[in-house]
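Per the numbering used here, the very first residue in the first sequence carries number 114; after that it's consecutive.
Below: one structure, written as structure tokens.
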Amino acid sequence: MTETAKTEPTRTVHFIEEIMEADVASGKWGAPGDRSVIRTRFPPEPNGYLHIGHAKAVCISFGLAERFGGTCNLRFDDTNPVKEEQRYADAIAEDIRWLGFRWPGAGEADAQAGILHASDYFPRMHEWAVELITKGKAYVDDQDAETIRAARGTPTVPGTPSPFRDRPVEESLDLFERMRRGEFGDGARVVRAKIDMASPNFNLRDPVMYRVLNTAHHRTGDAWHIYPMYDWAHGLEDSIEGITHSLCSLEFEDHRALYDWFIDAINEGRPGEWGEPIHHPQQIEFARLNPTSIVTSKRKLRQLVDEGKVSGWDDPRMPTLSGLRRRGYTPESIRSFCETVGVTKFNATHDITLLENALREDLNARAPRRMCVLDPLKVVITNWGEHGDEQRTEWMAATNNPENEQAGTREVPFARELFIERDDFMEEPPNKKWFRLKPGGEVRLRYGYWITCQEVIKDDTGEVVELRCTYDPQTRGGDSPPPDAEGKVRKVKGTVHWVSAGHAVEVEVREYDRLFTVERPDRAPKEAPDDWDWLTNLNADSLRVRTGARLEPNWPVSDVERSVGTGDFADGIARLQFERHGYYAVDGSAGDSRPIFNCAVTLRDSWSKK
RNA sequence: UGGGGAUUGGUGUAACGGUAGCACAGCGGAUUCUGGUUCCGUCAGUAGAGGUUCAAAUCCUCUAUCCCCAGCCA
Numbered sequence: 114m115t116e117t118a119k120t121e122p123t124r125t126v127h128f129i130e131e132i133m134e135a136d137v138a139s140g141k142w143g144a145p146g147d148r149s150v151i152r153t154r155f156p157p158e159p160n161g162y163l164h165i166g167h168a169k170a171v172c173i174s175f176g177l178a179e180r181f182g183g184t185c186n187l188r189f190d191d192t193n194p195v196k197e198e199q200r201y202a203d204a205i206a207e208d209i210r211w212l213g214f215r216w217p218g219a220g221e222a223d224a225q226a227g228i229l230h231a232s233d234y235f236p237r238m239h240e241w242a243v244e245l246i247t248k249g250k251a252y253v254d255d256q257d258a259e260t261i262r263a264a265r266g267t268p269t270v271p272g273t274p275s276p277f278r279d280r281p282v283e284e285s286l287d288l289f290e291r292m293r294r295g296e297f298g299d300g301a302r303v304v305r306a307k308i309d310m311a312s313p314n315f316n317l318r319d320p321v322m323y324r325v326l327n328t329a330h331h332r333t334g335d336a337w338h339i340y341p342m343y344d345w346a347h348g349l350e351d352s353i354e355g356i357t358h359s360l361c362s363l364e365f366e367d368h369r370a371l372y373d374w375f376i377d378a379i380n381e382g383r384p385g386e387w388g389e390p391i392h393h394p395q396q397i398e399f400a401r402l403n404p405t406s407i408v409t410s411k412r413k414l415r416q417l418v419d420e421g422k423v424s425g426w427d428d429p430r431m432p433t434l435s436g437l438r439r440r441g442y443t444p445e446s447i448r449s450f451c452e453t454v455g456v457t458k459f460n461a462t463h464d465i466t467l468l469e470n471a472l473r474e475d476l477n478a479r480a481p482r483r484m485c486v487l488d489p490l491k492v493v494i495t496n497w498g499e500h501g502d503e504q505r506t507e508w509m510a511a512t513n514n515p516e517n518e519q520a521g522t523r524e525v526p527f528a529r530e531l532f533i534e535r536d537d538f539m540e541e542p543p544n545k546k547w548f549r550l551k552p553g554g555e556v557r558l559r560y561g562y563w564i565t566c567q568e569v570i571k572d573d574t575g576e577v578v579e580l581r582c583t584y585d586p587q588t589r590g591g592d593s594p595p596p597d598a599e600g601k602v603r604k605v606k607g608t609v610h611w612v613s614a615g616h617a618v619e620v621e622v623r624e625y626d627r628l629f630t631v632e633r634p635d636r637a638p639k640e641a642p643d644d645w646d647w648l649t650n651l652n653a654d655s656l657r658v659r660t661g662a663r664l665e666p667n668w669p670v671s672d673v674e675r676s677v678g679t680g681d682f683a684d685g686i687a688r689l690q691f692e693r694h695g696y697y698a699v700d701g702s703a704g705d706s707r708p709i710f711n712c713a714v715t716l717r718d719s720w721s722k723k
């Protein structure tokens, strides 16, 4: 893979990185100056697919570890068996690998290698819970969920303690053991931390640590009847793995007090009869990604899939990583996008065009160029046989990638019958700025010849079905003809793409528009009725399938292009620039015999704006 | 009415008491065999009010606005 000449975009050092730098310098986690001590983790719950919002979190935790020469674990936070499935875990791991990140022990052969699971820590968490109960810092509560909620209080009125709050330690221990063995029904009892029912921070009003769930877990089977809550489990998982910096999103700021409380509670009296103190990571919060015109709510994405608004989680219009991948997005473009949005605690809005621009930038440098006529209009070169060689094919050299000279050229066939884009011809152009083909007008066929439209042929309905043109043999390759006797060079303003009708490959091209045309699809308008449905913002016209497109026959790409890094992407997905249109990716999931190309993003069009 | 966070051009993001910079978008121009790319120019900002200081986006006080929190979800 060749390097593009571009210099790396200047990367700004964000606040989390500064904290890490300071910790490295002070030797908080190891020898001062040893950057490799940085340990982060990405802890998804395997209950759905990763989307572009998750990509930011992935890039932060994995990216920071990469930058410091430390490590980032992939850990499935599988503490709630009723929502989790192995297939989600598999998809998540695949998406992270696709982005180009690796966790310790990740192997190329075994996709599962090195992946960690909260469920593997259940026994240790259980021991620590017993410890907290024994220390009088936790208790079993017999109240049901409704009662507990009612007693929790409000922002201004303190909660009231459970009547079971001060029950004997032995009784709690016994009940906890019976909970574990499955003697009680779902929700019958919980274990609660004994903190402060009057705390202004709700998370500290005796939070639940364990609930009874008589549900089989996708990894531990029916070994457990109790499952730990996030707040209890998460810090312990981080502690066990020796995480130095536990990075999460802003909504967990209020949970940090609890995160710290649990670890401190375990460490109380340590070193001592309970053993050595356990590791205490630092939780740091950052703002989520918040892109315009898409939804990232898992519930809403699921709704789109379930109601058939899209073809699946990997529909190319979906903001899931699997959808973006199928659409043609490169991992590099997504990582570049995450770099430009930065890392702060500010709830920013990220224009989705930034993501599109990141892809354009990457693909402009790397994607091989091809000519593809999406909506063919036949052109017959009437003077092609002027020397009696009407059936001949001429092969024209075309540049594979103007951004990368080493990508070389290819030979494109030119013959008597061609296709051009229907849009590139107008019988009656609206103004003088029409540089493309018109009756009596001349245009350059890129890398081909200059042609002049002599005759327009229509069918019974008046639709143009064919153009009869003449070519100028002196313009071979698309170059200007030699100067005339007076030294004047003839010029042509317009250049259009084309294919040879007899040589082109028929392909299917799928073009996508935004799934939602408003900036905030899930935000109800000010005067919306109570039953306002967010799906009213759905763009009914977001998919366009073109079945009759014609691609020049240089496909798949050449060895030369592959060898210099164009036409060869690390994820094995081929992407091309169809000149004057956009960037297109081969859809391998569609399972059709005819090649299918998804339009990842169009070229910028500074013309339509004017 | 409680607690926790946040606020710098249109949108993001730097500046860590010392010239408010960069990117994207916008606008104008140049180059171009892609209405692409590239290049040049340009518009535009410290939420508000006080205070400290030779000097404040930065420190202090008050105000405003926005986000999160009352799951046996994560």
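A virtual CB, placed ideally from N, CA and C, is assigned to each residue, including glycine.
Everything numeric in this text was worked out from a predicted model, so none of it was measured.
query                                                                                                                                                                  : result
When DSSP labels each residue in this structure, what does T588 get in the three-state scheme?                                                                         : helix
In the DSSP output, what is H167 paired with across the bridge?                                                                                                        : BP columns for H167 are empty, so no partner.
Tell me which same chain residues have a C-beta within less than 7 Å of the C-beta of A118, skipping the five on either side of it?                                    : Confidence is the limiting factor: at A118 the pLDDT is only 33, short of 50, which leaves the residue's position unreliable, though a coordinate-based value still follows. Closer than 7 Å at Cβ, skipping near neighbours: no residue.
Are the beta-carbon atoms of F548 and G607 separated by less than 9 Å?                                                                                                 : yes
Looking only at its own chain, which residues have a Cβ that is under 7 Å from the Cβ of R589, when we skip the five neighbours before and after it?                   : Y562
Pairing CB atoms from the segment 349-364 with CB atoms from the segment 183-198, are three or more of them under 8 Å?                                                 : yes
Give me the residue from E674, A637, A713 and D536 with the minimum Cα distance to V622.                                                                               : A713
Pull up the CB-CB distance for Y560 and N496, whole angstroms please, since I reckon it's below 8 Å.                                                                   : At roughly 19 Å, the Cβ-Cβ gap does not stay under 8 Å, so Y560 and N496 are not in contact.
On the CB-based measure, 16 or more other CB atoms within 10 Å of its CB, does G575 come out buried or exposed?                                                        : exposed
Which residue wins for smallest C-alpha separation from T565, given the options V578, K551 and A219?                                                                   : K551
Would you list the residues sitting across from L664 in a DSSP beta bridge?                                                                                            : C485 and V618
Going by C-alpha to C-alpha distance, which of R383, E366 and I379 sits closest to A306?                                                                               : I379
Rank T184, D203, G553 and M238 by C-alpha distance to the C-alpha of G218 and give the top, closest one.                                                               : T184
Is it true that the CB of E507 sits closer than 9 Å to the CB of F527?                                                                                                 : yes
Would you decide whether V556 is buried or exposed? Buried here means 16 or more other CB atoms lie within 10 Å of its CB.                                             : buried
According to DSSP, E398 sits in a beta bridge with which residue or residues?                                                                                          : C361
With DSSP as the reference, identify every bridge partner of K491, one or two as the case may be.                                                                      : F532 and E579
Find the nearest neighbour of C582 within the set V618, G213, L490 and R294, judged by alpha-carbon distance.                                                          : L490
Spatial neighbours of E158 within its chain, please: C-beta separation below 6 Å, excluding the five flanking residues on both sides.                                  : D190
Measuring CB to CB, does E398 end up less than 9 Å from L371?                                                                                                          : no
Evaluate T115 with the Cβ neighbour count: other Cβ atoms within 10 Å of its Cβ, from every protein chain shown; 16 or more gives buried, anything less gives exposed. : In this predicted model, T115 has a pLDDT of only 32, less than 50, meaning its place in the structure is not dependable enough to derive any value.
Between P271 and M310, is the Cβ-Cβ spacing less than 9 Å?                                                                                                             : yes
So for V126, helix, strand or coil by DSSP?                                                                                                                            : coil
If you scan the segment 231-273 from start to end, which runs of the alpha helix (DSSP H) of 4 or more residues do you find wholly inside it?                          : 235-247 and 258-263
DSSP beta-bridge partners for L558?                                                                                                                                    : V609
Who are V658's beta bridge partners in DSSP?                                                                                                                           : R623
Taking the alpha carbon of D684 as the point to measure from, which residue in K411, G213 and H338 has its own alpha carbon closest?                                   : G213
Taking 8 Å as the cut-off, does the segment 673-680 touch the segment 463-477 (at least 3 CB pairs, one atom from each stretch)?                                       : no
Could you tell me which of S719, S655, G521 and E221 sits nearest to E674, measuring between CA atoms?                                                                 : G521
Would a C-beta distance cut-off of 9 Å place H164 and T433 closer than the cut-off?                                                                                    : yes
For K169, count neighbouring C-beta atoms within 10 Å of its own C-beta (all shown protein chains included) and say buried if the count is 16 or more, exposed if not. : buried
For the alpha helix (DSSP H) that contains W345, what are its first and last residues?                                                                                 : Y343 to I353
Who does G388 pair with in a DSSP beta bridge?                                                                                                                         : G385
On the premise that I173 lies in contact with V456, defined as a C-beta separation below 8 Å, what is that separation, rounded to the nearest angstrom?                : 6 Å
Throw me the rounded Cβ distance for the D488 and R659 pair, which I believe falls under 8 Å.                                                                          : 7 Å
Around the C-beta of E121, are 16 or more other C-beta atoms found within 10 angstroms, so that it is buried, or is it exposed?                                        : For E121, the predicted structure reports a pLDDT of 47, less than 50, and the residue's modelled location is therefore unreliable. A value from the coordinates is still provided. Flag for E121 reads exposed.
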